[in-house]
Each structure stands twice: as structure tokens, then as C-alpha cells.
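Scroll down for the structure; my scribbles are underneath it.
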Amino acid sequence: MEIIKRDGTRVTFEKEKIELAIAKSFASVDSVVTDEKLSEMSDKIVATIKEKYPKDHVVSVEEVQDLVELTLIDENYYREVKSFILYRAKHNMDRKVMNDFENYITDKDILEIIESVQEEFDNQRYPIESLYLKFESFTKANMTEEDLLKALTRAASELTSKETPDWEIIAARFLMYEIDLEIKRNEERFDIVDFKSKIDYLTSAGLYGEYIKKNYSSEDFDELGAYLNKERDNLFTYSGLDLVKKRYLIKTFTGDIIESVQEMFMGIAMHLAIPEDDSVAFAKRLYDVLSNLKATMATPTMTNARKPFNQLSSCFIDTVPDTLKGIYRSITNFAEVSKHGGGMGLYFGKVRANGSDIRGFEGVAGGVIRWIRLANDTAVAVDQLGVRQGAVACYLDIWHKDMPEFLALKTNNGDDRMKAHDIFPGVCVPDYFWKLTRDDINATWHMFDPHEVEKKYGKALEDTYGDEWKEFYLKLVEDKDISRRTMSVKEMVRLLIKSWTETGTPFVFNRDAVNEMNPNKHKGMIYSSNLCTEIAQNMSASETVSTEILDKNGDTIIVNKTKPGDFVECNLASLTLGTIDVNNQEELEETVRTVVRALDNVIDLNYYPTPYAEVTNKKYRAIGLGTSGYHHMLVKNDIKWSNSQAHAEFVDRVYEDINYYAIKESMEIAREKGSYKEFEGSDWENGQYFKLRNYNSPRWEQLADDVRESGLRNGYLMAIAPTGSTSIISGTSAGVDPIMSRYFLEEKKGAIVPRVAPGLTTKTFWLYENAHDINQEISMEMAGVRQRHIDQAQSVNIYITNEYTMRQILNVYIKAWESGVKSIYYVRGKSLEVEDCDSCAS
């Protein structure tokens, strides 16, 4: 038998298609039908066709569907037949709509995308009639095919709502086709026919680094090109793909896109696989992780991997010494980092206070504010190729004499000559201060000049922590010969809260918790964090050793010799917890171990903007494995944020697993390539790392033994960055934050783009809670649960409303400290706009 389709073509009659149509009518009304019953009804329809029509008659689809209706009526399936009739009517409407689209669009590939929307998405919620009506409202006379495609993309995007969130995915299909068309035109211009010739062109044009061709053969490129999976393009949302298009895909020097999304992922993977023995196999492993959006590399890595200028790191931290040369060296280092797209943290706690002495002359020092203003001006001046201005966080200890002025740097009142509106202030706070805020808020707080203290005692207060710090501080309080500024703890809290509510800053760095849990405390101190508060690694200032005048071949050469300190640089990536099945141990382990190995390779492949960073990076081989999609993950697992018990138990397990697999992989790499230089004597080696975190199960005891025996490749392993932009790419929630809103509108170049919470459905709608509606003390408790498993820190935000009192805000910070949280990022009010550090958006 044959059947005539609606377009007039004849095809083989398939009884199974009748059964499928009937089954759909049952499913649509939640009815159950057996396979035997389906076969019985389809046989009845076939028999009717043979009996009713002449032998030479070829039935049409419409005639068969009429018989389906009659059969369902005969069998008394009235609800089902009603559904089937509505289904037919809907499809007739859709066919008419397709004809209407064809009046505008002639590109068959675009029409196929529209038809695929009909097939893949619920046509009750995502009718192409709605798409057509929105599209038609954007059409004008004499529009080109390209203009019509853009109108179609915009139409799908603007249909996105909390009731119909998948229009965001549909819009991405059209945008991807736009990108593909542009790439195809450019490939024809440059005679590019496959992945190998693409790499030849990119390398000769100076858009790819020569090192890619040096490390892979022609056969490798053929194999890796064949491995590209175009279907993974469909994983993107409109916002994620739009960001990739604008920021990450390689463009020609005239701004034309030449690299596809899958080629981007493979290019990054090939670069980071170079140090591996089987680089092709590892490139495939990493490509699978990245292209399935199970993890994202940091913005600098995604941007610069595979390119001639391969600065891959996100975060840098420098300790500013109390010397003129040292201060300017730190500012210069910041300028170099900023020039190459990195974010910076500068610790000013060692710089003498306003009114201190210089070379014995009393009261002449200008304090830290003038130097912070210099950092502020450098951030503005070194504007990262005009893309954005530089970004720097400046940290100061809460006992520093200049603290009151420091807290007023960004607030709205006072002398503008004492302001630095473009820096991000951070305050380093000891346990003792928090204890006073909780137990004795009217106590007196003392602030000292670090230069005066070190000059008299021969050691610095900032070089101590915990009980040693408290003992030294109280000794200074009793020393009547040491000058100080005083105010009540309550007044200091008022200054902090004023700045938090007006500017969202200062960031808070809980230095005692950080240093007590520092796995490398045998080799130094951690004074502060970076621009996004997630990095916590040993720090020290560089020192000028000597300046020599040499004669070389008749030329006079001046050589400055510097002893490098610990100039922190960190390499970041984030696991997409909303995409990974965190309950599948095999999948979680494979993803974690792949990303850890890739991050370790970054250290050897990186271009270093300053030699100080290279020395420290190769000393500790620090990486920062982070996470995004935290709230998305909770909702996927039917957990409400405010359900503290279920929340805590779940994430305690997940983050312990992540940490376990990360340490295990770092240990395995150490077996292959050796440990980081300072492993001996570390908490990793002596087992204190595991004891401090109560890791005492059999698997942890075995891993501790393995680490002691085999070593560890990376001195620091985990750090949770904000992931402001890369979480958009993955279509998930940012970092470890709750979502701000289930549905919101975002303005992009004059157009309004609707955005929805990831994976939003009628079920997950009620599981999602908006950030400002959540009890922030619960959030701090959960941050403390995660913190046990994170050797560095987290970018944790506090969300407040106008109803919050000063005491409530303070209580949130106290709860964070009591929970062991190492750092707090922004305070985010509903109307307060703050900007995430994009360089750390891993």
C-alpha cells in the first residue's frame, strides 16, 4: 500500500504511524492504551481502507485521519477523539502558518528550523502562529533575507516568558544559523573547506598561535575536526549564544566571525591538551566537557587560549610594601596585569598611615589613601584595549589607622579629593573584631600605624593571626607610647554599614579563618584576597635587592635586582552543577578530573604579564576549581534554598565529592609529573588538611595516605568565582548565588531581551526562591557548609532589602563568621547596582 502526503508525494503506507497518532491522542488526555488495542484499531482502519476504496485508489493522509476519528468514536473514546480533532486543526493551522512564512522567507534551511520547532517543542505552548505574528510585526518593505532572519531571531527571543521559557532556546537556533551563514561566507572568501584548512588560515592570518600547528599533525586535525559535534549547538540559550558570539568567537581583523562555536571549544581543548602525552585523546575529553556545557573555563582562558597572545589567568594579588620603589612596582605590576585583561587585588596593610614619619621626620606621611587613588587612576588609564577599564580591589586591615577614610572612599559624602570611585575596597577582619560586635559592641576599637608598630617591636601585627594576633593587638592597646586612633566598635560598624548600603562594598576578608585553614601555612601568610574574594593564597612583598651599573660591550647598563615575593596568580574554571548529574559519581568524577588536569596545564602554557606572577605560579601551581549553577542544581534535585536541613545535607555531600575527586586527580598528576615545590611540610603532606576538615572515612584516609606518598601537583585547588558571564553561556545560575528573579527583562543595545531562571517549569517555578526573599542567615550557614570543602574561598553575596536594619545586616556578617565563611563579596540591595569582576567570571 501507498499513501499520498499533503505535498502530493507518494510514500509507503506505514501502519505504525497510525498507532503513533492514536497513542498521542490518549497521552494528551492522560489515558492509557495497550499495544494490543492500538494494533487492533490500526488493523481495523487498514481493513476499512481495503473495503471502502477501489483497488487502484491511493488514500491520502486526510482520508486516513478521517478514519482514525471514526474508529475512536466507534470505540467510545470520546475524550481521545476530541483531542485528535484539535490536534488535526492545530496542524492545519500550522501548515497555513508555514505558507505565510514562505511568503517572506525563501531560505529552505530557515523554514526547516521553523518546522523543527513544531516537532521538538510542545505546540500548545510554543505555537509557530505566535512566532509568525511577532515576526510579522517586525517586518518592513524591502527587507533582505538577512534582515528577515534577524527579525525572526528577535521575535523568538521576545516571546520568552516564565510560562514559555523555551523560546530562549528557539531564538538561539535562529541566531546560530545567523552565525553559521556569516562563517560560511567568510570560509568561501578564504578558501576554507574543513577544520584543518581553517587552522591553516587562522595561523597564517595571525589569529591562532603557531604552537597549535607545532604540536598537532595534519592527521590530528582531521581526526579532531571529524569529532566536532554540531548538534551540541542546540544546548545554548539566546543570551548565552549571543555572549559567545560577541566576546569569544575568533573574528578577522575587520570584525567578521570566522570561528564556529564547536571550533572554539575544540581550539581551547587542543591548546590545554598540549602538555599531555596523548594530546588528541585529552583534547577530545576536554572538548566533550566544554561543548556539553558541563564546565566553563575562565573568561581569559576562553578568550585567549589558541591565540597568539595566550594570557590565560584571571586573578592576581600583590602585597604593596612600605617603600616608594615598592609601591610604584606594585602599581606597575597592576598596569601590566590590567593591560592583558586580568583583575587585581592589592593589599595596602603594610603601608604607613597618614601622619606617620618618613626618615625620622614626624607627621609627614600621607597615608594609604593617596596611593589607593593612584591605583584608581591606573585602573581608569589602562583600559584593556578600550574594552573596559581596569579593575582593582584594594584591601586594608580594620585596625589600620587610615580605616575611617578608607571606608569613605566610595560613599557619597565628604571631600572628593579623598575619593576613589573606581576601585573596590576590601576590609581584612580578625576574629576578635567579630567577637566584640557580637558580645561587646560598645567596646573601644584601636587603630595603629603599621610602620610605627614594626619600628618599635621589630615585627608586624599583620604578620600574625589567631591567638597570636590577639595577644599582640592587646599588647599594643596597653602600650601608651604607641599612637592610635580609637572609636567604638559600634561606630566602626556604622561606617561599614553605611558603605555597604551605599556602594555594596567593602568586601570582607576573614583573615583568621583563612590562615588557620591555609594548607601552606608553613610557607607564609595570607593577607587579603583578589578582586572577587575567592582566592586565598600565600602572599609576600617583592624586595629590591640592589641596583648595579654595568659596562657591557661599551654600553652602560643599569640592572635592578629584585627578590620576588609571593605574587599570586590563579587559573580558574567552573563546573556547571546545573548541567552535570551530581548524583552520578562516574560523571562527576570524570568532569572534575578533566577540568583539574586542564587547569594544571594552564600553568605551563600561560603567558605571564609579569615575571613575579610566573615565579609564584610555578612555585605553588595553584588552581581554582569552582562551580556555577548552584541554585539550578538545588532546584533540579527538588530542594528549596530555605529548606536548610535538606539543603545542607545535599551540598555537603556534593562539595565533598568534588573536593575528593579534585585532590585525587592532583595526586595522580603528581605521580606523573611531580609535586609542587613547597609540598614538603604542607598540611597536605602531614595530613593536617584532612584532620582539620574531619575527613576520616575510609576513602579519605586512603587518599590522605596516597597524597603523603605520591605528593600533590597543586598547592591550592578550589575557589568559587562569581561566573557572571560564563554562567550565561552555560544557561545556568551564577556561582553559588540564588537567582535574583525567576523572570526579568535585560536591555541589549536598545532591545529588551526576556530572561528566565534556568530549567523553569510549572514545577520548578515554586522551588525557585528569589535572592532578596531568602533568609540571608541561612545562606551564610550554607556557605559555611560548602566552605569546609574549599581550600580557598567563595564569592558569596549578601542580599538585602530596604527593610533591613543595621542590626540585621550585622547579624548576617556575624553568622557568616560563625559559620567559618572566609570572605564576603558584595552587599546587593534591590536597587543597588554592582558590577561583577568579569576577569574572574570563570
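Residue numbering for the sequence shown is 1 to 842, as defined by the UniProt record's numbering.
Even glycine gets a Cβ: it sits at the ideal position worked out from N, Cα and C.
The structure displayed is predicted, hence computed values, not measured ones.
query, result
"At a Cβ threshold of 8 Å, is tyrosine 132 touching chain B?", "Looking for chain B here will not work: only one protein chain is present."
"Measure the C-alpha to C-alpha separation of asparagine 92 and aspartate 100 and round it to an integer number of angstroms.", "13 Å"
"Does glutamine 794 come out as helix, strand or coil in the three-state DSSP assignment?", "strand"
"Is the distance from the Cβ of threonine 616 to the Cβ of phenylalanine 567 below 8 Å?", "yes"
"Can you check which of these residues, Ile73, Tyr132 and Met667, is closest to aspartate 94 by C-alpha distance?", "Tyr132"
"Report the rounded CA-to-CA distance for arginine 671 versus aspartate 600, giving the unit in angstroms.", "14 Å"
"Reducing DSSP to helix, strand and coil, say where alanine 816 ends up.", "helix"
"Nearest to aspartate 166 by alpha carbon, out of Lys523, Tyr238, Gln537 and Asp194?", "Tyr238"
"Could you name the residues that DSSP lists as bridge partners for threonine 556?", "Asp551"
"In three-state terms, what does DSSP make of phenylalanine 424?", "strand"
"Measuring only the C-alpha atoms, how far is threonine 354 from valine 320?", "According to the sequence displayed, residue 354 carries asparagine and not threonine. Each residue's Cα considered, the two are about 16 Å apart."
"Classify aspartate 194 as buried or exposed, calling it buried when 16 or more other Cβ atoms lie within 10 Å of its own Cβ.", "exposed"
"Going along the chain, which residues of its own chain have a beta-carbon closer than 7 Å to the beta-carbon of glutamate 769, five neighbours each way excluded?", "Lys640, Trp641, Ser642 and Pro738"
"How about glycine 735 and threonine 723: do their beta carbons lie closer than 8 Å?", "yes"
"Go ahead and label lysine 230 buried or exposed: buried means 16 or more other beta carbons lie within 10 angstroms of its beta carbon, across all protein chains shown.", "exposed"
"Closest to proline 754 by CA distance: which of Tyr825, Ala156 and Asp604 is it?", "Ala156"
"Alanine 648: which of Glu781, Met41 and Tyr607 sits nearest, CA to CA?", "Glu781"
"Could you round the C-beta distance between valine 821 and isoleucine 798 to whole angstroms and report it? I think they count as a contact, below 8 Å.", "No, valine 821 and isoleucine 798 are not in contact; Cβ-Cβ is about 10 Å, not under 8 Å."
"Kindly confirm or deny that the region 560 to 579 and the region 617 to 637 touch, where touching means at least three C-beta pairs closer than 8 Å.", "yes"
"Checking 8 Å against the spacing of the C-beta atoms, do lysine 410 and histidine 421 come in under that value?", "yes"
"Taking C-alpha atoms, which residue in Ala536, Gln262 and Asp278 lies nearest to asparagine 292?", "Gln262"
"Name, in chain order, the residues that DSSP records as bridge partners for alanine 295.", "Leu575"
"According to DSSP, simplified to helix, strand and coil, what is phenylalanine 309?", "coil"
"Around the C-beta of serine 666, are 16 or more other C-beta atoms found within 10 angstroms, so that it is buried, or is it exposed?", "buried"
"Thinking just about the alpha-carbon of each residue, which of Leu249, Lys677, Asp56 and Thr254 is nearest to the one in methionine 266?", "Leu249"
"Rounded to a whole number of angstroms, what is the C-alpha to C-alpha distance between aspartate 652 and proline 404?", "39 Å"
"Quick check on this structure: which residue in Val29, Ile18 and Val117 has the alpha carbon closest to the alpha carbon of glutamate 40?", "Ile18"
"In this structure, does DSSP put tyrosine 825 in helix, strand or coil?", "coil"
"Under 8 Å: do the region 322 to 338 and the region 281 to 296 share three or more Cβ pairs, one atom per stretch?", "no"
"Mind checking tyrosine 287: buried by the 16 CB within 10 Å criterion, or exposed?", "buried"
"Please report how far the alpha carbon of residue 905 lies from the alpha carbon of proline 127, in whole angstroms.", "This structure cannot settle anything about residue 905, because the visible part of the chain is limited to 1 through 842."
"When the Cα of threonine 594 is compared with those of Gly681, Ile3 and Ile663, which residue comes out closest?", "Ile663"
"So which of Glu668, Ala573, Arg713 and Val392 has the shortest CA-CA distance to threonine 726?", "Ala573"
"Where DSSP assigns a beta bridge to aspartate 397, which residues make up the other side?", "Cys428"
"Between serine 842 and threonine 299, what straight-line distance do the alpha-carbon atoms span, to the nearest angstrom?", "Unreliable placement is indicated for serine 842, whose pLDDT of 48 sits below 50; no coordinate value is reported for it."
"Looking at phenylalanine 424 and alanine 381, is the spacing between their C-beta atoms short of 8 Å?", "no"
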